[in-house]
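For reference, the structure is listed below as structure tokens.
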Amino acid sequence: MKQFLRFCSGCILLVGVLGSCQPDGTTEEVGVTHYAYLDVRYLAPEQSLRGQAIFTQGDSVLSAQPLVVPGGASFMGSGMKKKNLYDDRIRYETTLKTAYVDSLRFRYRAQEDEPWQETSLSMSPVRGFRVVSASKQNGISVAVDASVDLTERLVLLFTDPNGEARTVVRLGPLSDKTIFIPADGLDNYLAGPYSLYIVKIKEGEFTQGKWLVNEHLEYYTAAQSFTLAE
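Numbering (the numbering used here), first residue to last: 27 to 256.
Structure below.
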């Protein structure tokens, strides 16, 4: 899992990585003066649910300045710790041990005299998967029990017999519950024992009052082992 997380931080988090960069391509909305960057990561094997948030304010995304939200922020009813980042931004974060739920709630506000802003993010989990068949001659077939919408994608991470990571990405929407990797896509794959994780990712943005909310959600499955035959 540690290898997998290192890969994800370097490759598949294309937009909205709260710990390293602020998106600069966010759509401008009339009346928006505040920006919330909300990130959720769930690790199914550990039942670990992490929520992160960064807030800024200004006339545009590019000119927006870091915002310290009065009274702090909360995620799933739990207070979030405040951490100063290298570029003067402030990240709020908390990690919970819990079963996964589809509704993921943040609470924050821009000023003390304003009502609390309640923002609920939603993404269904990967309920399960299995490797149906796997050979270099005929390809790999993986049955996945998950719905994948337009703003979502699945990332399959294979670890080969030498411990090297190999990835396959499928963008939503996906109507077929089976992901097939043809034989000609396995030329550089070694035969032998493999492990496989699947990550479901959702990215998007929406307005809520004077806030423009940028969401990034990830769901990590447990690993399964299989053998890739010749």
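Where is the CB? At the ideal position from N, CA and C, for every residue including glycine.
Beta carbon of residue i nearer than 8 Å to that of residue j
i    : j    : result
T124 : L200 : no
Y112 : T82  : no
M106 : Y118 : yes
S104 : L122 : yes
G97  : E138 : yes
Neighbourhood of residue i by C-beta, 7 Å cutoff - its chain only, sequence neighbours within 5 removed
i    : result
Y223 : F30, L183, Y246, T247, A249
L176 : G198, P199
D50  : For D50, the predicted structure reports a pLDDT of 46, less than 50, and the residue's modelled location is therefore unreliable. A value from the coordinates is still provided. Excluding positions up to five away in sequence, the list reads V87, L88.
Neighbourhood of residue i by C-beta distance below 8 Å, restricted to the same chain and skipping five residues each side
i    : result
T204 : V158, S167, V168, A169, V170
N188 : L216
E256 : S161, K162, Q163, A217
Euclidean distance between Cα positions of residue i and residue j
i    : j    : result
G211 : Q78  : 36 Å
T185 : A191 : 5 Å
R115 : A136 : 15 Å
E144 : A90  : 21 Å
A99  : E178 : 26 Å
A172 : A70  : 14 Å
V225 : E231 : 20 Å
E140 : G235 : 12 Å
I227 : V195 : 11 Å
L243 : G154 : 18 Å
L88  : T120 : 27 Å
V213 : K109 : Per the sequence shown, the amino acid found at residue 213 is Asp instead of Val. Straight-line Cα distance between these residues: approximately 45 Å.
G84  : E229 : 23 Å
V174 : E72  : 23 Å
V152 : T193 : 17 Å
I80  : W142 : 16 Å
Distance between beta carbons of residue j and residue i, contact taken as under 8 Å
i    : j    : result
V95  : Y134 : 5 Å
K220 : L254 : In the sequence under discussion, the amino acid at residue 220 is Tyr, which differs from the Lys named in the question. At roughly 6 Å, the Cβ-Cβ gap stays under 8 Å, so Y220 and L254 are in contact.
Y58  : T233 : Contrary to the premise, residue 58 reads as Val rather than Tyr in this sequence. Contact flag correct, Cβ pair sits at about 6 Å.
L147 : L93  : With a Cβ gap of about 19 Å, L147 and L93 do not count as contacting.
Sequence-distant residues of the same chain with beta carbon closer than 6 Å to residue i, five excluded per side
i    : result
F252 : V157, A160, Y220
L39  : Residue placement at L39 is poorly supported in this model, since its pLDDT is 41, which falls under 50; the coordinates still yield a value, given next. Once the five neighbours on either side are set aside, L39 has no close Cβ partner at all.
Self-check item: Touching by the beta-carbon criterion (3+ pairs, under 8 Å), the region 192–199 and the region 233–241
Solution: Cβ pair count under 8 Å is below three, so no.
Exercise. Tell me, please, whether the region 129–144 touches the region 205–215 by the rule of three or more beta-carbon pairs shorter than 8 Å.
Key: In this structure the region 129–144 does not touch the region 205–215; the number of beta carbon pairs closer than 8 Å is below three.
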